[in-house]
Every structure is written in C-alpha cells, then in structure tokens.
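Numbering (this note's numbering), first residue to last: 1 to 480.
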C-alpha cells in the first residue's frame with residue numbers, strides 16, 4: 001500500500017513500482033480465463049474515483065493514472081467505506097466498456113487505512129457461457145432427459161438473452177438521442193419486462209423533454225460527456241426573428257380554438273424550414289414570434305446563407321399553408337423576418353437548477369429590430385449590412401434604407417432579399433436594379449435624380465411602401 005500510494009501521475013507509469021504492480025495484476029488476470037480486467041483505483045480528496053494501475057496492454061481501452069472512473073456502482077462506493085472487505089456485485093452493471101460482474105478488494109496500509117481498491121471484471125458473456133456449460137454437463141449426465149433439457153435450456157437462454165439484447169439496443173439508441181422508435185421490449189421474465197417498461201417510459205419522457213430543449217444542444221453535451229452548466233462562448237452567428245403579420249386582428253376575429261390550431265401549424269411550418277436549412281437551432285417562441293440562430297451549438301461556416309435560405313423557405317411554405325385556412329376576413333397573412341450577422345454570447349443562461357440555451361448581444365437585438373421594421377417599409381425579409389456583405393452574391397436583393405438603431409452610433413444599411421440568385425424573372429431583376437439605382441442616388445444625396453427614378457418606379461409599383469417613404473424624403477430634402 002505504501003508503494004502504491006507513491007503512484008500519483010501518468011509519469012509514474014514508467015516507474016519500477018508501477019511496473020511491478022502491473023506485473024502482479026497481469027499474473028492474476030492470466031491465471032483465470034474468465035477474468036477480463038484487473039486494475040486498481042483510489043478515491044481522491046475531491047471524491048472522484050480515478051484509475052491507478054491497469055493490467056491491460058497498451059490500447060484504446062488502457063486506463064492511465066488519474067483517468068476518471070465514470071460510472072461507480074453502489075457496491076463500489078460501499079467498498080470505500082469501513083469495514084473494509086472484499087465485496088462482489090450481485091447484479092450486472094453497464095459502463096463504457098460493456099456489461100460486467102465486478103468484485104473489489106481493499107488495499108490497506110500498515111495502520112489499516114484504505115489506500116486503494118483492486119477491481120476485477122468478468123464479462124456478462126462469461127456468465128452466459130457458464131450457463132451453457134452447465135447445460136452441457138447435465139445433458140451428458142442425464143442422457144434420457146437430454147432432449148427435454150436441451151429444449152428448456154435453449155428456451156430459457158433465449159428468454160434471457162433476446163430481451164437483454166433488445167434492451168441494450170434500445171439503450172444505445174437513447175444514448176444517441178434516437179427517440180423515435182416506439183419498440184417495447186417484451187419478456188415473460190418479470191424483471192426484464194419491468195426494465196423494458198422503464199426504458200419505454202424513459203424514452204417517452206425524453207421525447208417530451210426534447211421538445212422543450214434543442215436536441216442538438218443535448219446531443220453535443222453527451223458527445224462531450226459534459227453536464228449542462230452556466231456559461232457562454234463568444235461566436236460569430238446569424239440570427240433570425242419572425243413575427244406573424246396582422247396577429248392582433250387574428251386574435252380579435254378568430255375563434256380561440258382556431259387560433260391555437262393554426263398557430264401550432266404556423267410554428268411547425270417555420271421551425272421545419274429553419275431546421276432543414278443548415279441545421280438551424282430554434283431558440284424560443286414568444287407569442288407569435290420565433291427566434292432562431294445558426295452557428296451554435298456546432299459552428300458552421302455558411303450560417304448567413306442558411307439563415308436567408310430559411311427565411312425564403314418560411315415565406316414560401318407559409319403561403320401554401322395559409323391558402324388552406326379560413327382567415328375569417330383577415331387579409332394578407334404573412335410573416336415578417338429580420339436577419340443579422342455578428343458576434344454574440346451563446347450558451348446556458350439562468351441559474352444552476354434551470355438553464356436556457358440562448359444567445360445575447362447587439363446582433364441579436366438588431367435582428368429583432370429589423371423584423372419590426374418590415375412593417376414600416378412594407379417588406380417581408382430584411383437583413384443587416386453585415387449579412388448582406390456575406391450573401392449578396394447568392395441572392396436577389398434591394399437596398400431599403402440606412403438606419404441608426406437605438407443603442408448604436410453608426411448607421412447600418414438594410415436590405416430586402418426576395419429570392420435566391422437567378423430565381424426571378426428578367427422583369428423582376430430590372431425592377432430591383434432600378435430601385436437600387438435610385439437608392440444609390442439617394443445615398444449620394446442627389447435628391448432630384450433619385451426622385452425622378454423613384455417616381456418612375458412608383459408608376460409600376462404604386463403600393464410599394466419603401467418607394468413611397470424614400471420618395472417622400474427626397475422631396476422633403478429638396479425643399480429643405
């Protein structure tokens with residue numbers, strides 16, 4: 001025990017003490033074909049259990065000094081408490097290396113204090129192998145009963161192993177957050193049947209839970225083997241805000257049950273479009289508004305493009321959805337969308353017992369502001385200048401204005417996207433070009449020239465609010 005206590009860090013694995021211990025453990029392991037793993041571990045001052053000596057040959061399954069033992073059973077935890085004695089698991093336990101039956105023996109110093117535990121593992125397959133061997137012995141001894149014993153043994157083995165394999169398969173699916181399967185593990189063995197029911201209940205609960213939390217966030221934590229905790233990272237991301245136009249009128253005129261039904265369909269339509277476009281993350285629903293972002297939890301390079309594609313898809317899918325609704329006299333039901341790109345803090349906000357995975361920052365606020373500006377300009381999808389700089393070669397667009405958002409000192413140009421590049425008619429392309437020409441003249445303060453182009457543009461588009469607004473300014477600036 002005193003020598004074992006000297007093994008502290010990974011560098012000690014080269015010491016003679018470590019090699020002597022490893023040699024002894026390998027001798028123990030090799031003395032029985034049933035023993036798969038032999039190792040020692042200790043409990044640190046911070047209550048974490050870590051490996052010390054591992055008899056395993058160097059491989060991806062080898063545990064170094066200080067590697068954490070991630071899944072201690074109750075028997076293992078009891079082994080660290082007095083009275084110190086050999087303890088054997090009565091049930092199989094599952095960890096990262098498989099399903100095992102384990103035993104633990106104390107390593108005591110000269111004063112009777114616990115320094116470490118020696119652990120041994122026998123694979124579950126060995127236990128099943130013993131069962132089969134005993135059946136063969138019985139068959140050899142009781143020849144007259146061989147057919148009956150073989151039938152009973154095979155039936156019993158299948159009753160145990162088949163549902164256990166099903167359980168293992170279902171648990172592996174749950175580990176990967178594959179919760180869509182409605183398969184139920186059935187067994188005539190009561191204990192296995194109860195475990196199967198518990199697994200089904202767990203999947204049902206996780207399916208419900210996953211509807212409140214972005215599944216990708218939880219899957220990312222599981223891949224990293226981390227627990228959710230308060231904290232955030234700074235990242236460049238793209239943000240999406242949408243709001244249902246005329247929602248106040250809808251609430252006034254539609255029956256309550258119709259509002260609930262169609263609002264669910266609306267959220268389904270918007271959310272599916274977001275998630276299909278580059279695996280966007282739907283952050284939250286506030287009233288009829290939807291917030292989403294790209295670039296977290298997993299970073300992606302084309303987040304601005306994906307956000308714009310999602311916005312166009314939302315408009316297209318919602319148009320098809322609304323065509324089948326009874327609108328109760330509410331005209332022009334569509335969604336207004338704002339998109340911005342920039343740095344933000346993204347992560348878990350809240351307190352230790354209740355967290356929300358979201359993003360905060362200037363770019364988030366700007367996207368929300370752009371969404372509301374659609375109402376002023378009569379547009380449907382407004383994007384920030386930073387987003388436009390990245391995606392302007394991929395989409396058909398027009399510059400709408402230059403604004404100063406509350407809290408900012410510099411002006412920000414804003415743009416409307418109307419389609420992906422090359423997806424508009426020649427006439428529409430000329431229309432966008434003419435409007436952008438007028439906006440160029442407007443930005444150059446050439447009020448007369450801008451007014452002339454806008455007046456001509458307005459003849460073909462008399463209901464365009466953005467044109468009316470900019471033309472009104474040009475005329476006012478000429479007077480002033």
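Every residue gets a Cβ at the ideal spot worked out from N, C-alpha and C, and that includes glycine.
| query | result |
| --- | --- |
| With 16 other Cβ atoms within 10 Å as the buried cut-off, status of residue 148 | exposed |
| Residue interval of the beta strand (DSSP E) (run including residue 399) | 395-403 |
| Through-space distance from residue 344 to residue 360, alpha-carbon basis | 6 angstroms |
| Where the beta strand (DSSP E) containing residue 13 begins and where it ends | Neither: residue 13 is in no beta strand (DSSP E) and is coded neither H nor E. |
| Between the CA atoms of residue 266 and residue 285 - distance to the nearest angstrom | 11 angstroms |
| For residue 43, three-class secondary structure by DSSP | strand |
| Whole-Å CB distance - residue 420 paired with residue 381, under 8 angstroms assumed | About 12 angstroms separates the two Cβ atoms, so there is no contact after all. |
| Proximity to residue 405 [Cα-Cα], best of 392, 433, 371 and 396 | 371 |
| Coil, strand or helix - residue 7 by DSSP | coil |
| Spatially closest choice to residue 386 from 378, 357 and 364, by CA coordinates | 364 |
| Whole-angstrom C-beta distance between residue 375 and residue 483, which should lie under 8 angstroms | In the structure displayed, the chain extends from 1 to 480; residue 483 sits before or after that span and is not available. |
| C-alpha gap between residue 366 and residue 237, whole angstroms | 13 angstroms |
| Residue nearest to residue 57 in terms of C-alpha spacing, selected from 413, 477, 26 and 87 | 26 |
| Whole-angstrom distance between residue 44 and residue 498, CA atom to CA atom | Given that the chain is displayed from residue 1 to residue 480, the structure contains no residue 498 and the question cannot be resolved. |
| Every unbroken beta strand (DSSP E) inside the segment 252-317 [3 residues or more] | 281-286 and 289-294 |
| Residue 22 burial status per 10 Å Cβ neighbour count (16 or more: buried) | buried |
| Span of the beta strand (DSSP E), counted from its first residue to its last, around residue 50 | 49-54 |
| Reduced DSSP secondary structure (H/G/I, E/B, other) of residue 378 | coil |
| Contacts around residue 161, its chain only, beta-carbon distance under 7 angstroms, and the 5 residues preceding and following it disregarded | 128 |
| C-beta contact flag for residue 461 and residue 455 at 8 angstroms | no |
| DSSP-derived helix/strand/coil call for residue 184 | coil |
| For residue 233, the residue or residues it bridges with in DSSP | 346 |
| Which residues DSSP lists as bridging residue 88, in chain order | 103 |
| Between the CA atoms of residue 132 and residue 295 - distance to the nearest angstrom | 54 angstroms |
| Residue 430, buried or exposed, once every other Cβ within 10 Å from all chains shown has been counted against 16 | exposed |
| Candidates 348, 443, 277 and 95: closest to residue 411 by CA position | 443 |
| Outcome for residue 279 when other beta-carbon atoms lying within 10 angstroms are tallied against a minimum of 16 | exposed |
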